[in-house]
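Report on one structure; see the data block that follows.
Residue numbers (the UniProt record's numbering): 1 to 108.
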């Protein structure tokens with residue numbers, strides 16, 4: 001798998017709950033149609049492990065078959081629509097692309 005990883009913080013006027021509900025609801029509807037999307041995992045951050053990690057609300061991992069598929073999704077009209085949907089929201093984000101390697105599988 002090849003992943004797009006997004007770490008995001010809510011706009012200052014929103015609560016954590018409002019942001020997660022928007023991300024997993026209204027905004028998710030804009031994301032589901034991305035071409036080549038194989039899996040999407042979302043984590044609502046409940047706490048930071050250390051002070052330098054504070055200030056983030058959620059992490060999304062969008063998975064594609066390979067880098068070419070991920071980049072094609074990022075060039076698609078569906079991605080452009082999702083970006084437009086975010087609009088001028090004043091939250092913060094970090095966006096990263098990379099190859100996934102499973103280091104430990106599911107354990108019984």
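Virtual Cβ for every residue (Gly too), placed ideally from N, Cα, C.
Query raised in the report: With distances taken from CA atoms, which of 81, 48, 67 and 13 is nearest residue 26?
Result: 81
Query raised in the report: Are the beta-carbon atoms of residue 60 and residue 6 separated by less than 8 angstroms?
Result: yes
Report task. Evaluate residue 99 with the Cβ neighbour count: other Cβ atoms within 10 Å of its Cβ, from every protein chain shown; 16 or more gives buried, anything less gives exposed. Result -> With fewer than 16 other beta carbons inside 10 angstroms of its own, residue 99 counts as exposed.
Report task. Classify residue 53 as helix, strand or coil using the three-state DSSP reduction. Result -> helix
Query raised in the report: For residue 31, is the classification buried or exposed, using 16 other Cβ atoms within 10 angstroms of its Cβ as the cut-off for buried?
Result: buried
Query raised in the report: To the nearest angstrom, how far is it from the Cα of residue 44 to the Cα of residue 58?
Result: 4 angstroms
Query raised in the report: Per DSSP, residue 40 forms a beta bridge with which residues?
Result: In the DSSP output, where bridge partners are listed per residue, residue 40 has 62.
Query raised in the report: When the distance is taken between beta carbons, is residue 40 closer than 8 angstroms to residue 74?
Result: No, the Cβ-Cβ distance between residue 74 and residue 40 is not below 8 angstroms.
**Report entry** For residue 107, the three-state DSSP class (helix, strand or coil)
**Finding:** coil
Report task. Can you give me the start and stop residues for the alpha helix (DSSP H) that residue 86 sits inside? Result -> Its alpha helix (DSSP H) spans residues 77–86.
Query raised in the report: Can you check whether the CB of residue 35 is closer than 8 angstroms to the CB of residue 9?
Result: no
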